[in-house]
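A.B. asks:
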Amino acid sequence: MPIRLFDSQRHEMVDFTPIVPGAVSLYVCGPTVQSSPHVGHLRSALVYDLWARWFGYRGLNVTMVRNVTDIDDKVLEQGEGSSEAWWALAERIEAEFANVTDAINILRPTKQPRATGDIPAMVDMIQVLMRSDHAYASEDGSGDVYFDVSAWPEYGQLTNQSVENLQQGSGESGAKRNPEDFALWKGHKQGEPDTAAWDAPWGAGRPGWHIECSSMATRYLGSHFDIHGGGMDLRFPHHENELAQARAAGHRYANHWMHNALVTVKSQKMSKSLGNGVLAADLLKQAPPLVVRYALASAHYRSELDLHDGFLAEAASALGRIETFLSRAHSAGIDTTTGGVPDAFVQAMDEDLGIPQALAVIHEAVREGNQAFDDDKTKVAGRLAGSVRAMMAILGLDPLDSAWSAGSSQSASALSSVV
Numbered sequence: 292m293p294i295r296l297f298d299s300q301r302h303e304m305v306d307f308t309p310i311v312p313g314a315v316s317l318y319v320c321g322p323t324v325q326s327s328p329h330v331g332h333l334r335s336a337l338v339y340d341l342w343a344r345w346f347g348y349r350g351l352n353v354t355m356v357r358n359v360t361d362i363d364d365k366v367l368e369q370g371e372g373s374s375e376a377w378w379a380l381a382e383r384i385e386a387e388f389a390n391v392t393d394a395i396n397i398l399r400p401t402k403q404p405r406a407t408g409d410i411p412a413m414v415d416m417i418q419v420l421m422r423s424d425h426a427y428a429s430e431d432g433s434g435d436v437y438f439d440v441s442a443w444p445e446y447g448q449l450t451n452q453s454v455e456n457l458q459q460g461s462g463e464s465g466a467k468r469n470p471e472d473f474a475l476w477k478g479h480k481q482g483e484p485d486t487a488a489w490d491a492p493w494g495a496g497r498p499g500w501h502i503e504c505s506s507m508a509t510r511y512l513g514s515h516f517d518i519h520g521g522g523m524d525l526r527f528p529h530h531e532n533e534l535a536q537a538r539a540a541g542h543r544y545a546n547h548w549m550h551n552a553l554v555t556v557k558s559q560k561m562s563k564s565l566g567n568g569v570l571a572a573d574l575l576k577q578a579p580p581l582v583v584r585y586a587l588a589s590a591h592y593r594s595e596l597d598l599h600d601g602f603l604a605e606a607a608s609a610l611g612r613i614e615t616f617l618s619r620a621h622s623a624g625i626d627t628t629t630g631g632v633p634d635a636f637v638q639a640m641d642e643d644l645g646i647p648q649a650l651a652v653i654h655e656a657v658r659e660g661n662q663a664f665d666d667d668k669t670k671v672a673g674r675l676a677g678s679v680r681a682m683m684a685i686l687g688l689d690p691l692d693s694a695w696s697a698g699s700s701q702s703a704s705a706l707s708s709v710v
């Protein structure tokens, strides 16, 4: 049975066939490091960690690239009026992101390039677009460079929108030929730090957000790669613009696009205006990391994940049942380090990473295992315990793994709320 995934460009389930047999190339939009990572950032990172683990289990050699956007309008704005330099802020927030992802056993990507480390490649891609008349320098002397949406008839194909209905981009409208054009390069402006400007043929400045990802994806994965992933909020304009730039520059780009749904708080979207944002570090203060990983993984990646009252307590309770069963096996002197993975688990995971269904298989095995213990069928219980550990290990959730030595769900049994 092939792995099937939901391609968010095609809006349908498709069989996954890698470009290179036995390998998978995956690009994921990483954090813009202007402020401390919130739970949405953590969930997105976990989703693609779980995909990478499953691809690996199914015998594929995984190359995953997750970028760090360390130069951006938001980074510079956050640094304004602060004694902390913008680049120091970016480094600090990047370290915070690494801390929270490491805490819940998210594996490091194969490569994690910073935007500031790839400026020359971005300049090269912009030059390609300008030579093919898909981009132009602003005539107002600002040093800005824009992608000409009217020169790319395929624009809108990712999100199935017509150009007539789109309004986007940054900069004064008078500097652009069309309202929907977007910045590839932002000329250095008065008052901006000199450290945030790089030389380019059309004038010093910095790359636009969208060109950063197009350039890094093709530099590290090649002109044609398997999957591009990210949060649902990035589909437009970010991913739409990425695709247009890359294709106009001559790249085939990603075969498949996938997007994870967002995190809500008590059924409301997290937003600054509502003041209901939840930082990843704060969530990790509420429960052991293993509980947090289980909780964030429990909903299907294309379904919204709601941080409701009892969110972590429910995860701790479910995880506790698994731990209690494995403890029972350990007390009986059973070796749980080897165990088979049931077909039902594989089928669930192969069907667009069906983790809720996979967890149901695990809990059914726990139920059957406890019943076997009650019936003095120790060999049956031992086989099921080994199977449970094998499945949990695939999900990065094995409670007996040394990664979780700092704590277990048992210490979180009294949790009642994250908010």
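Just so you know, we're using my numbering here: the sequence shown kicks off at 292 and counts up by one. Just so you know, even glycine gets a beta-carbon here, dropped at the ideal spot from N, CA and C.
#1: Under a Cβ-count criterion, where at least 16 other Cβ atoms within 10 Å of its own Cβ denotes burial, should GLY372 be classed as buried or exposed?
#2: Can you round the beta-carbon distance between ILE395 and LEU341 to whole angstroms, since I take them to be within the 8 angstroms contact cut?
#3: Does the segment 529-541 touch the segment 440-454, meaning 3 or more C-beta pairs lie closer than 8 angstroms?
#4: From MET647 to ASP490, what distance separates their C-alpha atoms?
#5: Can you grab the Cα-Cα spacing for the pair ALA314 / ASP666, in whole Å?
#6: Should ARG301 go down as buried or exposed, given a rule of 16 or more other Cβ atoms within 10 Å for buried?
#7: In whole angstroms, what separates the C-alpha of SER514 from that of ASN358?
#8: Would you check if the segment 600-609 and the segment 363-380 touch, i.e. whether three or more CB-CB distances between them fall below 8 angstroms?
#9: Kindly indicate which residue of MET304, TYR544, ARG510 has the alpha-carbon position closest to the one of GLY410.
#10: Suppose you measure from the CA of ILE518 to the CA of SER506; what does that come to, to the nearest Å?
#11: State the beta-bridge partners of ALA428 as determined by DSSP.
#12: Quick one: give me the first and last residue of the alpha helix (DSSP H) that TRP548 is part of.
#13: Run through DSSP, which three-state label would ASN352 get?
#14: At the level of alpha carbons, what is the spacing between VAL657 and THR629?
#15: Going by other Cβ atoms of all chains shown within 10 Å of its Cβ, with 16 needed for buried, is ALA623 buried or exposed?
#16: For VAL456, count the other beta carbons within 10 Å of its own beta carbon; 16 or more makes it buried, fewer makes it exposed. Which is it?
#17: Going by other Cβ atoms of all chains shown within 10 Å of its Cβ, with 16 needed for buried, is GLN325 buried or exposed?
#18: Going by the CB atoms, is the gap between LEU351 and PRO309 shorter than 8 angstroms?
#19: If you measure between the beta carbons of PRO498 and ALA406, is that distance less than 8 angstroms?
#20: I'd like to know if the segment 425-432 and the segment 378-390 are in contact, where contact means that at least 3 CB-CB pairs between them fall below 8 angstroms.
#21: Looking only at C-alpha atoms, which of GLY496, ALA639, ARG295 sits nearest to SER433?
#22: Per DSSP, which one or two residues make a beta bridge with GLU605?
#23: Could you work out which residue in MET292, THR360, ARG349, ALA590 is closest to HIS529 when comparing CA atoms only?
#24: If you draw a straight line from the C-alpha of VAL391 to the C-alpha of VAL569, how long is it?
#25: Going by other Cβ atoms of all chains shown within 10 Å of its Cβ, with 16 needed for buried, is LEU565 buried or exposed?
#26: Name, in chain order, the residues that DSSP records as bridge partners for THR555.
#27: Any idea which residues DSSP pairs PHE473 with across the strands?
#28: How big is the Cα-Cα spacing for PHE527 and GLY521?
#29: Mark ASP306 as exposed unless 16 or more other C-beta atoms lie within 10 angstroms of its C-beta, in which case mark it buried.
#30: In terms of residue numbering, what span does the beta strand (DSSP E) encompassing ASP298 cover?
#31: Along the chain, where does the alpha helix (DSSP H) that runs through GLU642 open and close?
#32: Helix, strand or coil for GLY462, going by three-state DSSP, please let me know.
#33: Going by beta carbon distance, what residues of the same chain come within less than 7 angstroms of LEU617, once the five residues before and after it are set aside?
#34: According to DSSP, LEU317 sits in a beta bridge with which residue or residues?
#35: I need the boundaries of the beta strand (DSSP E) containing MET507, first residue and last residue.
#36: TYR592 and ALA552: beta carbons closer than 8 angstroms?
C.D. replies: Checking against the coordinates, here is how it stands:
#1: exposed
#2: Not confirmed; about 11 angstroms, so no contact.
#3: Look at the beta carbons and you see the segment 440-454 touching the segment 529-541: at least three pairs across the two are nearer than 8 angstroms.
#4: Looking at the sequence provided, one finds Pro at residue 647 rather than Met. The alpha-carbon atoms of PRO647 and ASP490 are separated by roughly 50 angstroms.
#5: 45 angstroms
#6: When all chains shown are included, ARG301 counts as exposed.
#7: Distance between the alpha carbons of SER514 and ASN358: 17 angstroms.
#8: no
#9: Reading off the sequence, residue 410 comes out as Ile, not Gly. Nearest C-alpha to ILE410 among MET304, TYR544, ARG510: ARG510.
#10: 15 angstroms
#11: VAL436
#12: Here TRP548 belongs to no alpha helix (DSSP H); instead the beta strand (DSSP E) covers 544-551.
#13: ASN352 falls in the strand class under three-state DSSP.
#14: 16 angstroms
#15: exposed
#16: Inspection of the sequence shows that residue 456 is occupied by Asn rather than by Val. That one is exposed.
#17: buried
#18: The criterion of a C-beta distance shorter than 8 angstroms is satisfied by PRO309 and LEU351.
#19: Taking C-beta atoms as the reference points, PRO498 and ALA406 count as a pair closer than 8 angstroms.
#20: Contact annotation: the segment 425-432 does not touch the segment 378-390, with fewer than three C-beta pairs closer than 8 angstroms.
#21: GLY496
#22: GLU605 pairs with nothing; no bridge assigned.
#23: THR360
#24: 13 angstroms
#25: exposed
#26: LYS560, ASP597
#27: In DSSP, PHE473 forms a bridge with PHE438.
#28: Rounded to whole angstroms, PHE527 and GLY521 show a C-alpha spacing of 11 angstroms.
#29: exposed
#30: 295-298
#31: From DSSP, GLU642 is part of no alpha helix (DSSP H); its letter is neither H nor E.
#32: Legend: pLDDT at GLY462 = 47, less than 50; position of this residue unreliable, value from coordinates given subsequently. Coil at GLY462, not helix or strand.
#33: THR627, ALA676, VAL679, ARG680, PRO690, LEU691
#34: MET355, ILE518
#35: That residue, MET507, is in no beta strand (DSSP E); its alpha helix (DSSP H) goes 500-512.
#36: A contact, by the Cβ cut-off of 8 angstroms.
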